[in-house]
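Numbered according to numbering that gives the first Met the number 0, the sequence shown spans residues 0 to 356. Notes to accompany the following structure.
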Amino acid sequence: MDLKPHIEKFRSRFTELEALLSDPKAFDNPQRAQELSREYARLKELVATGEAYLKTLAELAGNRALLESGDAEFVALAKEEIARLEIAEQKLGKQVQFGLVPPNPTDSRNTIVEIRAGAGGSESALFAADLFRMYSRYCEAHGWKAETLDSSPSDLGGFKEIIFQVSGQDVFKRLKYESGVHRVQRVPATEAQGRIHTSTTTVAVLPEAEEVDIEIKPDEIEINCCRASGKGGQGVNTTDSAVQIIHKPTGLIVRCADERSQQKNRLTAMTVLRSRLLERKIADENAKYAAQRKDQVGTGDRSEKIRTYNFPQNRVTDHRLEVTLYNLANFIDGDLDEMLELLMNHDLEERLAEVKL
């Protein structure tokens, strides 16, 4: 496959964007400027990759020519270089091809993650807390900011439910593969006879919605304010700061009580509501499109069992790819990149197959 024409298109568009962003008028529309800036950053990386690919092709051609030199020493050195360069050519060429896949407009969004205890009672709630810690560690490693929006603690220190927002670069692009049912197999702390129990926890990952994505009319919602309960200090528990919003057309209910300010809780609850409605909208669109695909990585169905964490065997298995890693201790401590890279590459391969080159 000749990638040179595609690399030239990347370079041409990159030059065009440089000119657009150098014009102060481009920033009269902040949203448009942000979109152009994101495209600029993406193409800057693609152009650099394309140039590295073309340089590798030239070096390969030069070394292959040396094979005809007749000099045994040159031939031996050329063969070593060719072996190294062929690996680099394949890797760089694949990255250039992935650049042909249209970026998902929600990939750069901040993200709302909802973790809920499922089957397994108190053990499920404890595992929900483990997952929250796992994602918190992952966010720290990537320089992302994680902020709790609402939580419902369980008696033994776990969570019946915890909702948090993650802000940073390419957050949804990486975390979206975490939506679904997470199954844990281990001996609970409350188990006296050492038997292994199986419990489940659900995770929903929602791209943060903007007002232009989802329009919510005032007569479509019912807002109730009440006194917050549980941990949070005297200021939280003695004022009517908790906010509950009911979206009448869908029956969705959102509650937020983590802030002392009722206004802040109201704004946060509206953000969560918009994100849940956007998730529904995206899921409906994906459902229509999925019938045309032979294979599909689950990236949004919270009823789909996506992963098993088996503590006795120190393994974590992703059921979408049937991949097993024997590093559960590190994985649960936030070392998710190896698994997420596999999922991202698989998804890109599927989407690339649908692109008409």
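Even for Gly, the Cβ is constructed at its ideal location relative to N, Cα and C. Since the structure is predicted, the reported quantities are computational estimates derived from the model, not experimental observations.
From the DSSP secondary-structure annotation, give me the bridge partner or partners of residue i.
| i | result |
| --- | --- |
| residue 326 | Answer is none; residue 326 lacks a bridge partner. |
| residue 251 | 246 |
| residue 150 | 161 |
| residue 196 | 185 |
| residue 306 | 181 and 317 |
| residue 376 | In the structure displayed, the chain extends from 0 to 356; residue 376 sits before or after that span and is not available. |
| residue 144 | 166 |
| residue 82 | Partner(s): none; residue 82 has no beta bridge. |
| residue 241 | 225 |
Cβ of residue i within 8 angstroms of Cβ of residue j?
| i | j | result |
| --- | --- | --- |
| residue 20 | residue 42 | no |
| residue 110 | residue 205 | yes |
| residue 5 | residue 91 | no |
| residue 219 | residue 247 | yes |
| residue 333 | residue 176 | no |
| residue 281 | residue 202 | no |
| residue 271 | residue 253 | yes |
| residue 147 | residue 163 | yes |
| residue 256 | residue 149 | yes |
| residue 200 | residue 123 | yes |
| residue 97 | residue 339 | no |
| residue 186 | residue 305 | no |
| residue 56 | residue 81 | no |
| residue 158 | residue 127 | yes |
| residue 75 | residue 66 | no |
Going by CA-CA distance only, name the one from the options that's closest to residue i.
| i | options | result |
| --- | --- | --- |
| residue 208 | 66, 0 and 278 | 278 |
| residue 12 | 40, 31 and 0 | 40 |
| residue 156 | 28, 120, 254 and 339 | 120 |
| residue 125 | 70, 183, 46 and 144 | 183 |
| residue 132 | 26, 330 and 339 | 330 |
| residue 105 | 169, 158 and 346 | 169 |
| residue 32 | 44, 17 and 45 | 17 |
| residue 352 | 101, 117, 318 and 266 | 101 |
| residue 44 | 140, 9 and 266 | 9 |
| residue 198 | 116, 134 and 158 | 116 |
| residue 139 | 350, 74 and 165 | 165 |
| residue 313 | 304, 324, 141 and 159 | 324 |
| residue 196 | 347, 1 and 307 | 307 |
| residue 225 | 265, 194, 249 and 71 | 265 |
| residue 350 | 93, 14, 87 and 72 | 93 |
| residue 88 | 65, 345, 52 and 153 | 52 |
| residue 178 | 319, 30 and 22 | 319 |
| residue 249 | 240, 268 and 276 | 276 |
| residue 50 | 3, 29 and 83 | 3 |
| residue 244 | 86, 263 and 222 | 222 |
| residue 145 | 28, 153, 240 and 134 | 134 |
| residue 167 | 283, 142, 269 and 79 | 142 |
In terms of residue numbering, what span does the beta strand (DSSP E) encompassing residue i cover?
| i | result |
| --- | --- |
| residue 99 | Counting along the chain, residue 99 falls outside any beta strand (DSSP E), and DSSP gives it neither H nor E. |
| residue 314 | 314–317 |
| residue 39 | No beta strand (DSSP E) holds residue 39; the alpha helix (DSSP H) holding it covers 29–65. |
| residue 221 | 220–225 |
Assuming residue i and residue j are in contact, meaning their beta carbons sit under 8 angstroms apart, how far apart are those beta carbons, in whole angstroms?
| i | j | result |
| --- | --- | --- |
| residue 335 | residue 310 | That pair is no contact at about 17 angstroms. |
| residue 37 | residue 107 | 5 angstroms |
| residue 48 | residue 95 | 6 angstroms |
By the DSSP assignment, the alpha helix (DSSP H) with residue i in it spans what residues?
| i | result |
| --- | --- |
| residue 108 | Segment: none, residue 108 is in no alpha helix (DSSP H) and carries neither H nor E. |
| residue 17 | 3–20 |
| residue 190 | Segment: none, residue 190 is in no alpha helix (DSSP H) and carries neither H nor E. |
| residue 349 | 336–352 |
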